[in-house]
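Colleague: Here's a structure for you.
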Amino acid sequence: MTHKEHEHAHAHIGPATYYKIFAALMVLMFLTVGAWWVETVVEIPRALGVFIALVIASTKTVLIVLFFMHIKVSSRVVQLYAIAALFGLLFLFVITMGDYIARGWPPQLGPLP
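Heads up: the sequence shown begins at 1 in the numbering used here, then just goes up one per residue.
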């Protein structure tokens with residue numbers, strides 16, 4: 001394989017795409033600030049505010065991972081590793097939340113069953 005053929009074997013993300021992603025991230029940043037402002041002015045349920053913030057943050061994270069980390073144009077193996085890392089992170093969150101939720105439980109007296 002010559003250098004010229006090898007050069008075209010990898011997909012690249014062009015500058016126009018980077019500018020579009022940057023613009024989307026700026027819009028999402030303003031949405032984050034706007035959501036915070038609305039939450040301070042209008043009385044909304046705390047769970048709704050957290051949900052909106054998590055949706056906006058997750059969207060920004062997906063854009064960054066797919067385009068700036070080049071996962072979108074990477075091989076299937078790299079994409080598989082990225083998905084496996086995501087599931088590993090979710091597993092760690094589940095373990096942590098189990099501990100966090102159980103902290104308010106009263107201690108059990110006596111021997112363990």
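The beta-carbon is built from N, C-alpha and C at its ideal position, and this holds for glycine as well. These numbers come from a predicted model, not from an experiment.
Mind listing, in chain order, the continuous alpha helix (DSSP H) runs of no fewer than 4 residues lying wholly within the region 32 to 63?
Modeller: 46 to 63
Colleague: So, with DSSP's three-state summary, where would you put K20?
Modeller: Working through the sequence shown from its first residue, we reach residue 20 at position 20. Three-state result, K20: helix.
Colleague: Exposed or buried, F67, counting other C-beta atoms within 10 Å across all chains shown (16 or more means buried)?
Modeller: Start at 1 with the first residue of the sequence shown, and residue 67 comes out as number 67. So F67 ends up on the buried side.
Colleague: What ranges does the alpha helix (DSSP H) occupy inside the region 64 to 111, keeping only unbroken runs of at least 4 residues that lie completely in it?
Modeller: 76 to 102
Colleague: Less than 9 Å between the beta carbons of V73 and H12, yes or no?
Modeller: Walking along the sequence shown from the start, residue 73 turns up at place 73. Walking along the sequence shown from the start, residue 12 turns up at place 12. Yes; because the gap between Cβ atoms is below 9 Å, this pair is in contact.
Colleague: Would the region 81 to 99 count as touching the region 41 to 50 if we require 3 or more Cβ pairs under 8 Å?
Modeller: At 8 Å Cβ cutoff, the stretches do not touch.
Colleague: Report back the beta-carbon spacing between L63 and I21 to the nearest angstrom; my notes put them in contact at under 8 Å.
Modeller: Sequence index remark: in the sequence shown, residue 63 carries index 63 (1-based). Sequence index remark: in the sequence shown, residue 21 carries index 21 (1-based). Contact flag correct, Cβ pair sits at about 6 Å.
Colleague: By Cβ distance below 7 Å, which residues in the same chain neighbour I56 in space, the five residues on each side in sequence not counted?
Modeller: Translated into the one-based positions of the sequence shown, residue 56 becomes position 56. Excluding residues within five positions, the ones whose Cβ falls inside 7 Å are L28, L31, T32, A35.
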